[in-house]
Structure formats: C-alpha cells, structure tokens
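Heads up: the sequence shown begins at 0 in numbering that gives the first Met the number 0, then just goes up one per residue.
From the three backbone atoms N, C-alpha and C, an ideal C-beta is built for every residue, glycine too.
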Amino acid sequence: MSTLEFDGIKDYVEIPDDAGLSVATTGSLTVAALMRPDVLTFPNAESTGYVHWLGKGQIGAQEWTFRMYNETSTDVPPRPNRISFYVFNPQPGKGVGTYFQEPVQAGEWIHVTGVADGQTVSIYKNGVFKRSESYAGVITPQHGTAPLRFGTRDFNSFFLGAIRGVQIWSRVLTDAEVQKVFSGSIPTDGLVAEYRLDKDIAVDTTGLHSGQIVGASWVL
C-alpha cells in the first residue's frame, strides 16, 4: 500500500468544503485514519506544542480536528504525545475534545477514529474505545466554509509523518464497526468520503470529494 508523507513544513492535502464533511449536516460524524508520526516533537507546532494533523476549520469557521501534542508539550498539565479529537463552535473557536495519552514511538502506525454523535465526542485507538466527553449544551457544530485538510488544518501547524486510509461517515459507527474498519473492512452505509491516498491526487472513492495534494510525497 502506498503512503503519503508530509514534511512538517509546508505539505498538505486539501479537499474543497462540502456539507457532507460537517458534523452539522446530520448531527453525527465519524472520521477514521491511519497516521504515523515520524518525530515526537514537531518543528512547526502551535504555541502550546501541538499540531493539527487532519481537520476542517479556520478562523471564524471552526468545525472539527485531530491533534497530536509534542512530547515536550507546554500545556498545563503537560500532555506529552496526547492524540485528541475535537469539535468546535464556529467562533471564537471554543472546542470540546477527547483523547488518549499513551506511549508513542516515532515511526509507529496508529489507527485513530473520532466520533461526534450530537452529544459526545469519542476516540478510538487501533479499533479500541478509549474515552468520550460531552459537548451537549456547550458546542453547537455548524457547517462552515473551511476545506478539509490532511497534514495541517489552517496552516498554523504542520504534521511531520505519514497518513493513509482516511474515511468519513455521516453517522455514528458502532464499536464493532470501528473494530472492522481497523481490520480493513469499510462499512459503506453513510460513507461520504474515502481517501486511500494511493494516487497522484487525493481521490475520494465515493466520487464526491476529491482534492489536491500540495508537496506531500508518495512512498511505496
């Protein structure tokens, strides 16, 4: 399987905005991806030491994102190599997230699934449920104009590593379905986008949301 590598400086994939990529459209969204951090301290991180490695949002149009924190995160309390999934109000960017924080090796492939169900956000590692957090009454996701990006979210941080096998569903996947996705069986019910990332463009196998690769390189 091909892998798309990101240099941590300027590489990214961009898919144009579409309502099907937003939590607000159906009230539910599941996003799954294989990610491989090649360092544990990213050279181009946000001020408190994290990168957005896949997400949809920008100033005034925040929606959802995955983060990974540096090994040397400056947040209080520290969040070394925490991997998180967040949903946001569109502005001023208030978010609620959930996470797992376990030992990570540079170069290790990790399958991450984030779920928003209208009440809570949940996160899975390698098909196993890890944690959830309620956002009901705090966050009201809305469809904004931001594109979907891999390798960055809004150009304020860049991921150094690799990403492949990204899927997005407009519904909540069950625990059993998340385990099947980790094992390589992709449910098609509610599947709005699937990026195998094995072509010179970011082809969506559903035919609806293909995008552009900027700088990132292929490795077989």
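Around the Cβ of F149, a 10 Å sphere holds 16 or more other Cβ atoms; the residue is buried. Judged by beta-carbon spacing, S156 lies within the 8 Å limit of Y49, meaning their Cβ atoms are closer than that value. Burial check for V137: the Cβ neighbour count within 10 Å stays below 16, so the residue is exposed.
Across the structure, T40 and K124 are spaced so that their CA atoms are roughly 20 Å apart. If you ignore the 5 residues before and after P89, its C-beta comes within less than 6 Å of the C-beta of A60, Q61, Q141, G143, all in its own chain and listed in chain order.
Within the DSSP secondary-structure output, Q211 pairs in a beta bridge with E13. Sequence-distant Cβ neighbours of E132 in its own chain, meaning closer than 7 Å and more than five residues away, are V95, G96, T97, T119, V120. By the C-beta density criterion, Q104 is exposed, having fewer than 16 other C-beta atoms within 10 angstroms.
Sixteen is the threshold: when 16 or more other Cβ atoms of the shown chains lie within 10 Å of the Cβ of E4, as they do, the residue is buried.
For the 8 Å CB-CB criterion, E13 and G210 form a contact. If you check the CB distance, L20 and H208 come in under 8 Å. Rounded to the nearest angstrom, the gap between the Cα atoms of V86 and F154 is 18 Å. Annotation for Q57: no alpha helix (DSSP H) segment contains it, and DSSP assigns it neither H nor E.
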